[in-house]
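Chains as they are written, first to last, in this note's numbering: chain A, 1 to 907; chain B, 908 to 1185.
Working notes, beginning with the structure itself.
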């Protein structure tokens, strides 16, 4: 409510200012429009005069210089010419008018163009290389009009090379129609004429997009978008700049930028109508006049734009501004007076309201009595404290209602200090007892002062405050003080300068300084040991001065020089304004705890040193080492183990080692967990050392030697430590030794020793199962001659050839061995003597027809034969030697019979 | 420390290399007119600006002599030159190097120079002795060099047995022939074809010569800049270069100095007429 008047006043003032501003603005715009219209009319007249002047010039030139008889003859020939003759005639026409064209071009009339009657281009003097295009009737109405209606066509129009101000005339001779001739005016001529007629202006031509679209593709770069509106193009300034001296001035560019932002100008440009507008920029006034140009079909094609400086606009504006300023000053003075009056009334109301608010919101009771003791004013707090409603107190004697003298030996009212102060006009300050309406007595602190009006005492203002809570607080503080005295932790209270203001007995006990010695000193003067870095104290002060608590541990020195550790918390205490006034430090003797912590730290350091050494040993060990917990989960693993297994540490730690790399045997069989030696040691706590295999991450098995050692903690199996070495190389070496011991190095088949071992085993199997078997003993015939004739290398090749040929015919179960130089044995399990003989004869034949050429590439192949003795193992009772002897006997028989044959011993 | 770094940069880049913020200077002989130069080269220059990240401006020169002089004085970084001007430039200024050759309208990498006359004048080569020949410029490939070679080969006499008239550019030569101001003239075959519709006919033509090329000044452009520019130009797709000026819109190929050996041989056999010739 109280703000409504100023707001209303401000609103009215603003509306008045806006109205006045609008009036002057509208007035200025009206006058500016008038000036603009004048400029537009001048531009229109000058433009029309320019075009007419050049039209007359063109017509004179055509009549007197161009359309001579000689030229008309050529045009007649051109109309009659075929495609072969036409270039020559076109060239002759060019040659005939070259001088005249040069004159015209120098005068700026450089677009001279002849057309056929059907609208095709005959010759462009301004672009002779462009010829042969189709009829121009569709895109050049002027040519169509001149050739179809046989009348001149004058006006602005687009074109294939350049839009221009066209002057197209039909060419007629003796009633015959020879085509048309065109002289177009480039804008630069109009421009120059406009400058002559309207000097001090700046002019440009804006072509509408539809006009530019007609131009040859390769001529489009002559135009660039106009800044003033997106639908218009101007001559490319780069090309204009090099071709002609004129170019739009800086002012023109500036005005275009301003006009682009004017919504009204943009709307007007879109309509295609003539218009003019004003621009104020840089402290100057301008008129931009847009003279619309229609093409020969009456369609909007371009604007001739004039930019003229108009100082009169500045004059009009300045006049308007002066008048507006005077009106605004008068209005302002009026508004200021009204505003001052409103503010004065407002201030009075505010002061009254403020006083009312103070008395009603103050926590102290306040009442006013007249000289008779009757209450004339009472505030809300007084009502609250006494328990009376305001209307119960006003007009009544306050003393009788709530002033209680029961604690003051029931003084009579006449001796009441408040009443006496009211009567004498003296001030009174003291403590009294009041009694509330409910009968509760409470102590109050009372201040009385006489109320003087016009030099006479008219009453007394009494201010009172219930001090029962303050008294209770005092008592509570006394109790808290006693509690602090009795606290076990040392407590020190200082001022902001760190001067000790209070200590409790525990501090004296901790430091050895009694309170009377400590007071007034600084703690650092008493107990600082000098063993802490100065940065600690700087940090402490920075923290507590920023209002935050600081906690830390210090080494201090007692009065007797003994050092002690203390944990201290310092808390800043702020006054009611938020200023730090005191610091409370609570100190605890932690000397014993620090000693225990130091001992624990030393023990921990020793543990870490040992752990680091163990880790170093683990990391540098060449053997793979890892450990598991009681559940078989990996707890540590060294780099050598990770390298051998191909895993990263994080892939193994926490994982089940058996599932990771011990899940299968090397031969691919599944490795049950229950059979795993590591698991067994985890179960029974027994040390194990075995050869086994692990599986690498890539699935490749490798042989290892495992040592599994249980970890016993608190008499329980807490896991195992596994140490393993990759013994793949060793195993491979063993296998190779084994192979060398059992294999014939030349042929790769079993040697005699191995063959005999296998023969014994197989005979045992034959005996056990009663299956038949047969033994072949084979000897290459005349092998010594092979060696003698071809050399031992050839002999070796023959042996390998024989073994290869034989092996390719054996089954997997057959056993083949070399038992002597050129002697071999074959055991055929499951084969009776007849079957063995058939096989032997087949082999014998194939050897005889084969030839070994492996050793002598440049010589004939070596042919050889074999003799074979066959013996049966069928009864299963005979031993290997007996069977060998029997086969040997049969072999001997084959040799005796002439070699290259098979003899079976059926005995 | 900063001075040492600057010195290092100077050694690394070379004193003549334009600063990254500076614009490159491009020059072309006016084939027809200055307007045509702007119209035809602006799209190409914009494409090169995009690749280099630097503006390129056109430095106008009236004749080949001026271009070659400016080039040798490091006032030009890039020039669009015909084969003869390049060969002459290279002879005197080894830092000139062909970067890109532009294909002709038929897609070929070369162009022809022709000796042309107006059909209505019924002129034959042998009849040109003591007649006036229109020429573009002294250093134009299609100028005295090729006209002299054509006359010697096909008419049996050299250019010194004719009168010459320097007309500035090819279009002027074509118009002067049709206009009857000269009996014949030397010009590019492509320009002659444009004026065939006005009765201009070719009397003789040279073998294919390497096309116009972009010549780079290696004294002002370093290896990386040239390589980058060449890459960017050769990467221009047909949809881009077809919008360039008429002589530039038929594709490009990388150029090398050896491409001009034939022109050098031609120049050695001919006796070009200087600018001061009648």
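No residue lacks a Cβ here, since even glycine has one placed at the ideal position from N, Cα and C.
Asked	Found
Output the boundary residues of the beta strand (DSSP E) element that contains residue 111 of chain A.	111-115
Nearest chain B C-beta to residue 95 of chain A closer than 7 Å, yes or no?	yes
Can you tell me the Cα-Cα spacing of residue 246 of chain A and residue 1039 of chain B, whole angstroms?	Any answer about residue 246 of chain A is weak, because its pLDDT of 49 lies below 50 and its placement is not dependable; what the coordinates show is given next. Spanning the two alpha carbons is a distance of roughly 38 Å.
Can you name, in chain order, every residue of its own chain whose Cβ lies under 7 Å from the Cβ of residue 505 of chain A, other than the five neighbours on each side?	485
Enumerate in chain order the residues of its own chain whose CB-to-CB distance from residue 1108 of chain B is below 6 Å, with the five nearest sequence positions on each side excluded.	1026
For residue 328 of chain A, name the three-state secondary structure that DSSP assigns.	helix
Label residue 813 of chain A either buried or exposed according to how many other C-beta atoms from any shown protein chain fall within 10 Å of its C-beta, with 16 as the threshold for buried.	exposed
Beta-carbon of residue 949 of chain A versus every beta-carbon of chain B: anything under 7 Å?	Since the first residue shown for chain A is 1 and the last is 907, residue 949 of chain A is missing from the structure and cannot be characterised.
What is the DSSP secondary structure of residue 928 of chain B, reduced to helix, strand or coil?	Legend: pLDDT at residue 928 of chain B = 49, less than 50; position of this residue unreliable, value from coordinates given subsequently. Three-state DSSP puts residue 928 of chain B in coil, outside helix and strand.
Does chain A have any CB closer than 7 Å to the CB of residue 1101 of chain B?	yes
Using beta carbons (cut-off 7 Å, strictly below), is residue 1119 of chain B in contact with chain A?	no
Return the Cβ separation of residue 655 of chain A and residue 638 of chain A in integer angstroms, given the expectation that the two are a contact with Cβ distance under 8 Å.	About 16 Å separates the two Cβ atoms, so there is no contact after all.
Buried or exposed: which applies to residue 586 of chain A, given that a residue is buried once 16 or more other Cβ atoms fall within 10 Å of its Cβ?	buried
In chain order, what residues of the same chain have a beta carbon less than 6 Å from the beta carbon of residue 256 of chain A, not counting five sequence neighbours either side?	227 and 228
Applying a beta-carbon distance threshold of less than 7 Å, which residues of chain A neighbour residue 1025 of chain B?	91
Give the secondary structure of residue 175 of chain A by DSSP, where H, G and I count as helix, E and B as strand, and everything else as coil.	coil
So what does DSSP say about residue 948 of chain B, is it helix, strand or coil?	helix
Do the segment 145-152 of chain A and the segment 101-110 of chain A make contact, defined as three or more Cβ pairs closer than 8 Å?	no
Suppose you measure from the CA of residue 440 of chain A to the CA of residue 594 of chain A; what does that come to, to the nearest Å?	59 Å
Please look up how many angstroms separate the CB atoms of residue 385 of chain A and residue 495 of chain A, rounded, as I've assumed it's under 8 Å.	About 37 Å; that fails the 8 Å criterion.
Please classify residue 587 of chain A: does DSSP put it in a helix, a strand, or coil?	strand
Using a Cβ-Cβ cutoff of 7 Å, what residues of the segment 1075-1106 of chain B are near chain A? List them in chain order.	1082, 1085, 1086, 1087, 1101, 1102, 1103, 1104, 1105 and 1106
Under the three-state reduction of DSSP, which class applies to residue 31 of chain A: helix, strand or coil?	helix
Look at residue 728 of chain A and residue 702 of chain A and say whether their C-beta atoms are less than 7 Å apart.	yes
So residue 468 of chain A is in the alpha helix (DSSP H); what residue range does that whole segment cover?	468-486
Alpha carbon to alpha carbon, what distance is there between residue 682 of chain A and residue 888 of chain A?	60 Å
Mapping DSSP to helix, strand and coil, what is residue 1100 of chain B?	helix
Looking only at DSSP bridge pairs, what is residue 279 of chain A linked to?	A:286
In or out: residue 1095 of chain B buried (at least 16 other Cβ within 10 Å) or exposed?	buried
Any beta carbon from chain B within less than 7 Å of residue 528 of chain A's own beta carbon?	no
Could you tell me the alpha carbon to alpha carbon distance between residue 167 of chain A and residue 17 of chain A, rounded to whole angstroms?	58 Å
Please state the DSSP three-state secondary structure of residue 240 of chain A.	Any answer about residue 240 of chain A is weak, because its pLDDT of 49 lies below 50 and its placement is not dependable; what the coordinates show is given next. Here residue 240 of chain A sits in helix by DSSP.
In the DSSP assignment, find the unbroken beta strand (DSSP E) run with residue 453 of chain A in it and report its ends.	441-453
Suppose contacts are defined by Cβ-Cβ distances below 7 Å. Is residue 369 of chain A in contact with residue 398 of chain A by that definition?	yes
From the beta carbon of residue 88 of chain A, is the nearest beta carbon of chain B less than 7 Å away?	yes
Along the chain, where does the alpha helix (DSSP H) that runs through residue 809 of chain A open and close?	Neither: residue 809 of chain A is in no alpha helix (DSSP H) and is coded neither H nor E.
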